[in-house]
Each structure stands twice: as C-alpha cells, then as structure tokens.
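Q: Protein chains in written order, with this note's numbering: chain A, 1 to 668; chain B, 1 to 307.
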Amino acid sequence: MLGKLSWDVIPFDQPLPMIASAIVALAILGVLAWVFLAGHFPYLWREWITSVDHKRIGVMYTLLALLMLLRGFSDAVMMRSQQALAFQAPGYLPPDHFNQVFSAHGTIMIFFGAMPFVIGLMNLVVPLQLGVRDVAFPTLNSVSFWLTATGALLVNISLVIGEFARTGWLPYPPLSETAYSPGVGVDYYLWAVQISGVGTLLTGINFVTTILKMRTPGMNYLRMSMFCWTSLAASLLIVAAFPILTATLAMLTLDRYFGFHFFTNEAGGNMLMFVNLIWAWGHPEVYILVLPAFGIFSEVISTFSSKPLFGYRSMVAATLFICIVSFMVWLHHFFTMGAGADVNAAFGIATSIIAVGTGVKIYNWMFTMYGGRIRFATPMLWSLGFMVTFVIGGMTGVLLAVPPADFLLHNSLFLVAHFHNVIIGGVLFGAFAGYTYWFPKAFGFRLHEGWGKLAFWLTLIGFYATFVPLYTVGLLGMTRRMQHFDVPAWYPWVLVAGAGMIITTAGVIAQIIQLVVSVRQREALRDVTGDPWDGRSLEWATPSPPPVFNFAALPHVEGEEPYWNIKQRAREQNRLRDEPDYEPIEMPRNSPTGFVCAFFATVMGFALIWHIWWMVALGALGAFATFVVFAWRDIPEYVIPAAEVAQIDRANRGARREALATYTGPRP
Amino acid sequence: MLPRAIVRNCAAIRLCCIGATIFLAGLLAGCQGGVLDPQGPVGAAQRTILLNSVAIMLAIVIPTIVGTLGFAWWFRETNTRARFLPDWAYSGRIELVVWSIPILVILFLSGIIWIGSHDLDPMKPLDSQQKPLEVQVVSLDWKWLFIYPEQNVASINQLVVPAGRPVHFSLTSASVMNAFFVPQLGGMIYTMNGMTTQLHLQADQQGKFYGRSAHFSGDGFPGMQFVLHAVAADAFDAFVNSARSQGQALDKTSYQELARQSMDVPSSTYGSVEPDLFHEIATQGVPPAPGPQAGRPEPSASPKAGG
Numbered sequence: 001m002l003g004k005l006s007w008d009v010i011p012f013d014q015p016l017p018m019i020a021s022a023i024v025a026l027a028i029l030g031v032l033a034w035v036f037l038a039g040h041f042p043y044l045w046r047e048w049i050t051s052v053d054h055k056r057i058g059v060m061y062t063l064l065a066l067l068m069l070l071r072g073f074s075d076a077v078m079m080r081s082q083q084a085l086a087f088q089a090p091g092y093l094p095p096d097h098f099n100q101v102f103s104a105h106g107t108i109m110i111f112f113g114a115m116p117f118v119i120g121l122m123n124l125v126v127p128l129q130l131g132v133r134d135v136a137f138p139t140l141n142s143v144s145f146w147l148t149a150t151g152a153l154l155v156n157i158s159l160v161i162g163e164f165a166r167t168g169w170l171p172y173p174p175l176s177e178t179a180y181s182p183g184v185g186v187d188y189y190l191w192a193v194q195i196s197g198v199g200t201l202l203t204g205i206n207f208v209t210t211i212l213k214m215r216t217p218g219m220n221y222l223r224m225s226m227f228c229w230t231s232l233a234a235s236l237l238i239v240a241a242f243p244i245l246t247a248t249l250a251m252l253t254l255d256r257y258f259g260f261h262f263f264t265n266e267a268g269g270n271m272l273m274f275v276n277l278i279w280a281w282g283h284p285e286v287y288i289l290v291l292p293a294f295g296i297f298s299e300v301i302s303t304f305s306s307k308p309l310f311g312y313r314s315m316v317a318a319t320l321f322i323c324i325v326s327f328m329v330w331l332h333h334f335f336t337m338g339a340g341a342d343v344n345a346a347f348g349i350a351t352s353i354i355a356v357g358t359g360v361k362i363y364n365w366m367f368t369m370y371g372g373r374i375r376f377a378t379p380m381l382w383s384l385g386f387m388v389t390f391v392i393g394g395m396t397g398v399l400l401a402v403p404p405a406d407f408l409l410h411n412s413l414f415l416v417a418h419f420h421n422v423i424i425g426g427v428l429f430g431a432f433a434g435y436t437y438w439f440p441k442a443f444g445f446r447l448h449e450g451w452g453k454l455a456f457w458l459t460l461i462g463f464y465a466t467f468v469p470l471y472t473v474g475l476l477g478m479t480r481r482m483q484h485f486d487v488p489a490w491y492p493w494v495l496v497a498g499a500g501m502i503i504t505t506a507g508v509i510a511q512i513i514q515l516v517v518s519v520r521q522r523e524a525l526r527d528v529t530g531d532p533w534d535g536r537s538l539e540w541a542t543p544s545p546p547p548v549f550n551f552a553a554l555p556h557v558e559g560e561e562p563y564w565n566i567k568q569r570a571r572e573q574n575r576l577r578d579e580p581d582y583e584p585i586e587m588p589r590n591s592p593t594g595f596v597c598a599f600f601a602t603v604m605g606f607a608l609i610w611h612i613w614w615m616v617a618l619g620a621l622g623a624f625a626t627f628v629v630f631a632w633r634d635i636p637e638y639v640i641p642a643a644e645v646a647q648i649d650r651a652n653r654g655a656r657r658e659a660l661a662t663y664t665g666p667r668p
Numbered sequence: 001m002l003p004r005a006i007v008r009n010c011a012a013i014r015l016c017c018i019g020a021t022i023f024l025a026g027l028l029a030g031c032q033g034g035v036l037d038p039q040g041p042v043g044a045a046q047r048t049i050l051l052n053s054v055a056i057m058l059a060i061v062i063p064t065i066v067g068t069l070g071f072a073w074w075f076r077e078t079n080t081r082a083r084f085l086p087d088w089a090y091s092g093r094i095e096l097v098v099w100s101i102p103i104l105v106i107l108f109l110s111g112i113i114w115i116g117s118h119d120l121d122p123m124k125p126l127d128s129q130q131k132p133l134e135v136q137v138v139s140l141d142w143k144w145l146f147i148y149p150e151q152n153v154a155s156i157n158q159l160v161v162p163a164g165r166p167v168h169f170s171l172t173s174a175s176v177m178n179a180f181f182v183p184q185l186g187g188m189i190y191t192m193n194g195m196t197t198q199l200h201l202q203a204d205q206q207g208k209f210y211g212r213s214a215h216f217s218g219d220g221f222p223g224m225q226f227v228l229h230a231v232a233a234d235a236f237d238a239f240v241n242s243a244r245s246q247g248q249a250l251d252k253t254s255y256q257e258l259a260r261q262s263m264d265v266p267s268s269t270y271g272s273v274e275p276d277l278f279h280e281i282a283t284q285g286v287p288p289a290p291g292p293q294a295g296r297p298e299p300s301a302s303p304k305a306g307g
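1) Please classify residue 91/B: does DSSP put it in a helix, a strand, or coil?
2) Taking Cβ-Cβ distances below 7 Å as the criterion, which residues of the region 75-99 of chain A are in contact with chain B?
3) Please report whether the beta-carbon of residue 63/B lies at a distance below 7 Å from any beta-carbon of chain A.
4) Can residue 116/A and residue 76/A be called in contact, C-beta distance under 7 Å?
5) Could you tell me how far apart the beta carbons of residue 161/B and residue 133/B are, in whole angstroms, since I believe they sit closer than 8 Å?
6) Considering only DSSP beta bridges, list what residue 188/B is partnered with.
7) On a Cα-Cα basis, can you pick out the residue from 127/B, 113/B, 275/B that is closest to residue 42/B?
8) Look at the alpha carbon of residue 335/A and the alpha carbon of residue 655/A, and state the distance between them as a whole number of angstroms.
9) Skipping 5 residues on each side, what residues in its chain have a beta carbon closer than 6 Å to that of residue 30/B?
10) Smallest Cα separation from residue 318/A: which of 470/A, 357/A, 307/A, 222/A?
11) Check whether the region 17-36 of chain A touches the region 115-132 of chain A, counting contact only when three or more Cβ pairs, one atom from each stretch, lie closer than 8 Å.
12) Quick check on residue 349/A - is its C-beta less than 7 Å from some C-beta in chain B?
13) So, at 8 Å on beta carbons, what are the nonlocal neighbours of residue 675/A in its own chain, with the 5 sequence-adjacent residues on each side left out?
14) Would a check of beta-carbon distances place residue 16/A closer than 7 Å to chain B?
15) Could you check if residue 541/A is buried or exposed, using at least 16 other CB atoms within 10 Å of its CB as the buried criterion?
16) To which residues does DSSP link residue 130/A through a beta bridge?
17) Using 10 angstroms around the beta-carbon of residue 1/A, count the other beta-carbons present and answer buried if the total reaches 16, otherwise exposed.
18) Count the other CB atoms within 10 Å of the CB of residue 531/A; is the residue buried (16 or more) or exposed (fewer)?
19) In the DSSP assignment, what residue or residues form a beta bridge with residue 7/A?
20) Got a sec: is the Cβ-Cβ distance from residue 191/B to anything in chain A below 7 Å?
21) Cβ closer than 8 Å: which chain B residues qualify as neighbours of residue 572/A?
22) Give a yes or no on whether 7 Å exceeds the smallest Cβ distance from residue 169/B to chain A.
23) For the beta strand (DSSP E) that residue 144/B lies in, which residues bound it at each end?
24) By the DSSP assignment, the beta strand (DSSP E) with residue 588/A in it spans what residues?
25) With a 10 Å radius around its C-beta and 16 neighbouring C-beta atoms as the bar for buried, classify residue 111/B as buried or exposed.
26) Below 8 Å on the Cβ atoms is my contact criterion, and I expect residue 216/A with residue 131/A to pass it. Report the Cβ-Cβ distance as a whole number of Å.
27) What span of residues does the beta strand (DSSP E) with residue 139/B cover, start to end?
28) Pick from 614/A, 604/A, 642/A, 595/A: whose alpha carbon is nearest that of residue 630/A?
29) Give the residues of chain B in contact with residue 332/A, contact being defined as C-beta atoms less than 8 Å apart.
30) Closest to residue 248/A by CA distance: which of 259/A, 271/A, 230/A is it?
31) Could you say which of 70/A, 498/A, 97/A lies nearest to residue 16/A if we only look at CA atoms?
32) Starting from residue 235/A and walking both ways along the alpha helix (DSSP H), at which residues does that stretch end?
33) Report the option in 276/A, 208/A, 105/A, 180/A whose CA atom is closest to the CA atom of residue 136/A.
34) Is there a C-beta anywhere in chain B that falls below 7 Å from the one on residue 12/A?
And the structure:
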C-alpha cells in the first residue's frame, strides 16, 4: 500500500536531524497557525499564492532562495565544524550523515539557492526594464515558481523521511546506481531536481520569449539594459542546457527504477557517458548563474558611478561570446579521467578563452567607474567586493584549466575553494547587490545601509578567512568530501577555515538583522518617488512598489538608458513629461494553476521516491487535470479602468514633481 | 590623469598589496609535503607549469585589482579633485586594449597548455635508462590493491617502489569510481570499472609519500589512503621476498572476499597472485564488486555502510 514507506525510515536514532527538523516543523506550523488564526490566509491566497504578477513571483522566488541559502549554509557550518573536529577522530557526524550533508549542501545551494535568487531578480526586474506589463506567459511563470518550490520541499522532506543522496551534488554512477546506493537518497535527488528542472526550463522559455517579443516601442536590442541582455543569454542557456540535464537524470532514473544499463558497470553501461552529459549541462549552468549577476553589476556600477556603462556594445559582445563558448568547455571537469593529450589541451584552451570575455567585462566596469562620481552604497560595495574577489577566482579557474596543473589540483580543496570563490564572489555577491539595489523597487522602502555595510564586510572577510585556508590545504593535497582525515599538516588550515566560518555566520546574522530593522523602520526608509538611487533604466520610472500594470502608458524609448534620458529632459525643462492619455488596461487574472499543479507534482514526486504507485497515478492525473481546467478557462483577463490607472499614476507624478522641484543638479 | 590617480592612491595600493601578500603566503605555505613540494620528475614539471601560469596571470591580475580599487577610491563622490565625465562611455582605443590584454595572455597560456598537456600526458612513458616497474592498481570498496605482475606479489594499502626508477601504473576499479593520487609525485588519474587507465610516475629519492583516493566513493572514502614507500633497489627486492614468504595467495575466490565493502583496512601483502587477475577485473571477467548488503534483497531505506 505504501511502497517502501514505513516507520523505520524516520531516523529516530539520530538526534541531530530529528531536533533540527522538529524545530523547522514547529516554525512552519507556527507560521501557518498565525496565518490562519489572524485571518491572513485569504490575503496570501489572493495576492501571493495565486498571483501571476511577475513582481510578486520574483519576490516569492527570492524568499525561497533566502530560506534555502540558510538551509545550505547550515549544512556548510556542519561540514566545516565536522572537519575541524575530525582530525584523527570520528567527529560528530557519522559518514552516512556527513555524506548526505555535503550532497544536500551542493544540491540546495545551486538548484534552490542560487537559481531561484537569480531567477527571482530576473522576474522582478526584466519586464520593468523592458517597459512592459508582464512576462510573455504569466501563469506559466507561476507554475515555474511552484514547481521549483516542490523540488525544494522534497529535498527538505528527505531530512525526516528516509535519507538524501550520499553521492555528492552530481550523482556520478556507478555509485549512484542501485547496486551501490540502494536507498531512496538518490531518488529524492532525482525527482527534486527533475521537477524543479521543469520549472527552470519553463522560466527559460518564458524569458527568451519575453525579451525577444515583448519590448516596449523603441526598445530595440541595442537599447536594452545590460541586465536584460545577460538575462537573455542565461535564458538561452537554460533552454539549451536543461533538456540535457533532464535527459541525463531520466536515464539514471531508468537505470534505478527499471533495471536499464545506461551507466551501470554491467551490461555495457558507460559511466563516462553520464559524466560527459552532466557537465554538458553543468558548465553552461555556471554561466546561467553568473551571467545575470554580471548584468546586476553592470546596472549597479553604472548607477552608483552616475555614468553610463562603459563600452556597452563590447559588453553585449562579451556576454554572447561567453554564452556560446560556455558550451564548448565541459571536459575540463574531468581532465583526470584519462582523455588523451590533444583532447585535454583543446578543452583547456577553450576554457581559458572564456576568461577573455570576463576579462573584458572587468575592464569595462573599471572604466565605467573612471570619471564617475561614486557613491559607496551597499550594492556598490558588493560590486567592488565582487570585482576583486572574482578576478582571483578567475585566476585560479584558468589555472585549473591548465591540464598539468589540474592533475595536481583536481578534486582537492583548492578546487572547492575555486568554485566557491566564483560562486560566492560572483553569483552570491551579485544576488546580494541586486537584492539591496532592487529591494526598494519591490517593497517601497530601502534596506538599512549600516547593517547592510556590516553584512558586506563580515561576509567578505569571512569568505577570505574560510577559503584562503582551503586553497592552501588543497595545495597540501587534501581532497574534498572527507568525513575525517589523518594528515597533521592539514589540521591547522582546517581549523582556520572553521574560524572563518564564524565570521561568515556573523555576516549572515547581520543580513537577517538588516531585514528586520529595515521593516521596522520602513517609514524612515520610504522611497516616495520610485527612484531612490538616481537610476538610469526603466524600472525606476515606475512607483515603488510598481502598480500591477507597471506603466500607466507604455514608455517610448529613444536611446540607451531610457529613464535617464526622460529624467534629464525633465531636469532641463524643469517639468515632467506631459500626462499621457489614460486608457483602461487589461491584465491577466490570478490563477491557482501553479500552486495546484505543484501540489500534485509534490504528491507524485514523493510517491515515485517511495514506490507508492497508486499515489503516482493520482498525482500525475491531478496535475494533468489542473492543466486541462486551466486550458478551458473562459475569462483570462480583467480590466483596470482608466480612472484607477490615472489616480495611481497622478499620485506618483506628484511625488516626482516635488523631487524635481528640489533637485539641485550635479555638483559641477 | 590615469597614472596620477593611481599614484595618489597609496592607501588602496597598500591594502591590495597586503591582500596579495596574504594570498601568496597562503600559496607558498603549501610547500611542505603538498603538490608544491614534489619528489619526482612528473610532480616537479607539473609544479613548474602551475607556478608559471600563476605568475603570468598575476602580471595582469594584480594591476587589475589595484586599478579597480584605485579608480573606485579616486572617483569617490566626495573627492573634489577628481574629474567628472558624466557622459564618457566609449573609447575605441581603450576597447582595443581591454580586448587585447586578455587575448594576448590567453594566447601565451594556450601555448603552455598545449605543450604541457602533451609533455605531461599521463600515458606517456618517462625518459629513463631503466625499464619501468609495472604496477597494477585496483580500487576496491574501500582500499587499494596493488599488484606487481612481474614479481607476482600484491599488497593492500601500501605501495613499495624502487626510488629513481619509473613506475608504469595500469589502473581499474572493482566497483565505483576513484582517483589514484600521490600529491608529492604528481599526476592523478581516475579508476573505473571495465576500463583501464595509465599513469607514469617516479620518485627521485627514498621516502614515504602519502597517497589516497581523490574521488568520493562512498562511506569508507576517508580511509581510502595508502603510503607509497620509495626504497632502494635492494630494499624493494627484500620487500618482494618477504611478501612471497609470508603472504597468502590472491586468486579469484580470495579476491571476491576482498572486494566486499570494508573500511579503514590495515596494509597487508599477498605472496602470490593468480595470473591475469588484473585483466580479468578490468574486462569484467570477474564480476564488479557488490555494494552494501544490508537489507538485501529488499533495499531498505538507509542501509548503513559495510553491512
């Protein structure tokens, strides 16, 4: 009846996950109880859960990302503390638990931390910067989000019911085959990543369509903001790369569920095929994450330098260059698997060529600052921290692309330090820069600057204190994923890295305090005009938070930096643009499709993991029925009357008129 | 304008130099016993390439970091002496330079990559007067089996080789992937079931060198380590003789017993080895080793290791 499920699968004998999950469960129950008892549920259902508004979905993506970053970070704390205690000793995490922790850490950080963060910011900002009212497929967007949430939920269920994968964040066969991993851990991994992967693929399709087909009049390709360009590149990569992931994991699933032999030891299976395929997705994935971050830095550095982005066309070229070359380098993840010298050398050279694109970007950001008038607000600090850190990470990356050097460093903690250097220093710093930069746009008030700066400095120092020792201990020959170790030379560095983690933890706490303090002081931090940073692209032309329709009248774009041009003209003429003719606006209706679909997907995923076949059928049928019901809808849109549009827009024009009157102009 | 801006920014430069020094100190501290302290020709050549590549890249990385911090500091909002160029967003000459610098560096580095990859191909025999010692390596769950086919002995979790003589490794895996890695001798190569990989290494001096698996292979992975003893030629012969006189025999039956999962296995030797055993393992004449046995035939939710 219940497949492999029984009371035995709950790890009552392991106090750590039991206590942790009990606390989490209590917290979730507490929040749910509060939501229902205080009568907030109808509001949440109406305004958020069923919302198809790209801004709301963006906020929910970001919230999911922040929660999952905390979960992944607690895994990181456990790993560092385990290794600090495990010199010639067993430490406090037995191998089967430690191996789940590092597998979950990687899976969560990439799929449910970094990806939703980046996609959340894309959701919030791209339609605003394009000057349009929503993405191309608003309901599909909601489906994407909720499917991602399903994946995150499944990974976290594995904490209590059963186990998570013990194979690393990429389940290399044959270790991940049934012969060597008979438990449900790999199945949790497979279904969580597959279901959220569908969501990501839909997002990619949605954003490619939005950016190619839905720009406001006059917004031709070479007037789009850099963030739109990098989002387009990332979305193209999603569309091209995620099907590879889906197919690869489907093959592993067939191996595990139906005794196929794609990657097994036996019957002609080829594990190297998996390694090739997974990295044919995995390397573009790195750029799916980091390209939007590059876009954020371009926006932030230009805004806070009070200058246009230097070498805009060059930046576009570099972005597309990286986008294409990122598909030609996957083999550098396994130079040490015995490919010949020609193959290794070709992929090594291809890999280092990517550094040309990133190098150009770094220099263009430098010259964006040149001749500027730089304000060191929190987003700008994250950007500067990124530029310095990423250059170092890029250097160690190119070093790893030199095959003879990689022979010494592959799978060592040097490699671990390298990819944390680029993912924390690139993606995460970018996400935090975007988070502080666009927070006022999403919520109408800025984040507290003092706490933000403290969080930045603690994170930056904590990062170096953690990862410079890991670079070093990697050079001493320490490999990754070790539950305990016996070599005395490694021990001091592992301790220093553990101490660095304490500083990073302080940074995380400062970040949380920043949010709490900002919410409490929101009136003092209020952004009245919708343009708190003296911005240059179209999102700052809307009120903060923007109304559901974004723009009362779609803006006409006449050049790069459309909002800066509008603002400059207003400043020169000392008056706002003429009031547009307000017209009624049609907007897509809210739909529970995404939420209901994801509910059934969760049921189906859970049932597949535990081999509860009747429940699989139920979940699949439910999800399909939801889709059919949605396809049969009669009234897809509703109309906002012109008077309401006018009222909202006039309120914002009033605030902007006041700001214009008090504008004193730039210091000569 | 540009150099003056940088020169005046002593604070930023100093900060940056301190950072670079700490970073380099960290790198150099890796000298003792790690990959930067090689004890053989392969490791030494790989280290040279590693350090040369770092040096080439530092030549542009350090100026870039200094420039970034210098520009950011000089053009701060409160600096009244800095020029303000609110519309300056393009310069063909600068574009030319910023594309050229990375391209030239990468061109140079590509040469190193191409030549280095061919010179240090793990499959390529080492230049030496002496005939290489043949060693066959099998990664098991979770220990290393070393077979000396010419001597017809074998050892577990210890590898004895003559110093100064090249060693030719043929490697495979009994079950899951692993990577054979002796940091101070250089090179790393994966082991995979049903496949054979090749590696050439040499220890110049006598000594004990730490070796381990570099690819995660399951619960017993931390204990998948061994000591490589590089010894004089006569000591190697003594090792072989002692193994022959006291070790048990390794045939297919005892191999299948050995292939079962076990953790933190002490080193031991075998006095004789069934001929072609390695070939049988590598071509799956002997079936791949079994995984965890707890809960079989019904796979339980969370089998513990070694069961």
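All C-beta atoms, glycine included, are put in the ideal place defined by N, C-alpha and C.
A: Let me spell this out:
1) Working through the second sequence from its first residue, we reach residue 91/B at position 91. In this structure, residue 91/B counts as coil in the three-state DSSP scheme.
2) 95, 96, 99
3) In the second sequence, counting from the first residue as 1, residue 63/B sits at position 63. Not an interface residue.
4) Working through the first sequence from its first residue, we reach residue 116/A at position 116. Working through the first sequence from its first residue, we reach residue 76/A at position 76. No. Outside cutoff.
5) Start at 1 with the first residue of the second sequence, and residue 161/B comes out as number 161. Start at 1 with the first residue of the second sequence, and residue 133/B comes out as number 133. Their Cβ separation, rounded to whole angstroms, is 6 Å, which keeps residue 161/B and residue 133/B in contact under 8 Å.
6) Locating residue 188/B in the second sequence gives position 188, where the first residue counts as 1. Paired residues: 181/B.
7) Counting from 1 along the second sequence, the entry for residue 42/B is found at position 42. Per the Cα distances, 127/B.
8) The residue labelled residue 335/A in the question sits at position 335 within the first sequence. The residue labelled residue 655/A in the question sits at position 655 within the first sequence. C-alpha separation (whole angstroms): 59 Å.
9) Along the second sequence, one-based indexing puts residue 30/B at 30. Confidence in residue 30/B is poor, its pLDDT being 47 and thus under 50, which makes the residue's placement unreliable; the coordinate value appears in the next sentence. Closer than 6 Å at the Cβ level, and outside the excluded window around residue 30/B, lie 36.
10) On the first sequence, residue 318/A is found 318 positions in, with the first residue counted as 1. Cα-wise, what sits closest to residue 318/A is 357/A.
11) no
12) For the purposes of this step, residue 349/A is identified with residue 349 of the first sequence, where counting begins at 1. Yes, its Cβ sits closer than 7 Å to a Cβ of chain B.
13) A question about residue 675/A goes unanswered here, because the residues of chain A that appear run from 1 up to 668.
14) Start at 1 with the first residue of the first sequence, and residue 16/A comes out as number 16. By this cut-off, residue 16/A is not an interface position.
15) Along the first sequence, one-based indexing puts residue 541/A at 541. Looking at its Cβ environment, which holds 16 or more other Cβ atoms inside 10 Å, residue 541/A is buried.
16) Here residue 130/A refers to the residue found at position 130 when the first sequence is read from its first residue. According to DSSP, which records beta bridges pairwise, residue 130/A is partnered with nothing at all.
17) Here residue 1/A corresponds to residue number 1 of the first sequence, with the count starting at 1. Label assigned to residue 1/A: exposed.
18) If you number the first sequence from 1, residue 531/A lands on position 531. Buried, because 16 or more other Cβ atoms sit within 10 Å of the Cβ of residue 531/A.
19) Position 7 of the first sequence, counting from 1, holds the residue named residue 7/A. According to DSSP, residue 7/A bridges with nothing at all.
20) Locating residue 191/B in the second sequence gives position 191, where the first residue counts as 1. No - not a single Cβ of chain A is within 7 Å of the one on residue 191/B.
21) Against the first sequence, residue 572/A aligns to sequence position 572. Here the premise fails: no neighbours, minimum Cβ distance about 14 Å.
22) The residue you call residue 169/B lines up with position 169 of the second sequence. Output row for residue 169/B: interface = no.
23) Position 144 of the second sequence, counting from 1, holds the residue named residue 144/B. From DSSP, the beta strand (DSSP E) with residue 144/B extends over 143-148.
24) Within the first sequence, the letter at position 588 stands for residue 588/A. 585-588 is the span of the beta strand (DSSP E), which, as asked, contains residue 588/A.
25) Position 111 of the second sequence, counted from the start, is the residue given in the question as residue 111/B. With fewer than 16 other Cβ atoms within 10 Å, it is exposed.
26) Translated into positions along the first sequence, residue 216/A becomes position 216. Translated into positions along the first sequence, residue 131/A becomes position 131. With a Cβ gap of about 3 Å, residue 216/A and residue 131/A count as contacting.
27) For this step, residue 139/B is matched to residue 139 along the second sequence. Per DSSP, residue 139/B belongs to the beta strand (DSSP E) from 133-140.
28) By 1-based counting over the first sequence, the position of residue 630/A is 630. Cα-wise, what sits closest to residue 630/A is 595/A.
29) Position 332 of the first sequence, counted from the first residue, corresponds to residue 332/A. Those within 8 Å of residue 332/A in chain B number zero; the least Cβ separation is about 11 Å.
30) By one-based count along the first sequence, residue 248/A stands at place 248. Nearest C-alpha to residue 248/A: 271/A.
31) Residue 16/A sits at position 16 when you count from the first residue of the first sequence. Comparing Cα positions, the closest option is 97/A.
32) In the first sequence, counting from the first residue as 1, residue 235/A sits at position 235. First-last of the alpha helix (DSSP H) with residue 235/A: 226-258.
33) Translated into the one-based positions of the first sequence, residue 136/A becomes position 136. For the residues 276/A, 208/A, 105/A, 180/A, the minimum Cα distance to residue 136/A belongs to 208/A.
34) Locating residue 12/A in the first sequence gives position 12, where the first residue counts as 1. No, its Cβ sits nowhere closer than 7 Å to a Cβ of chain B.
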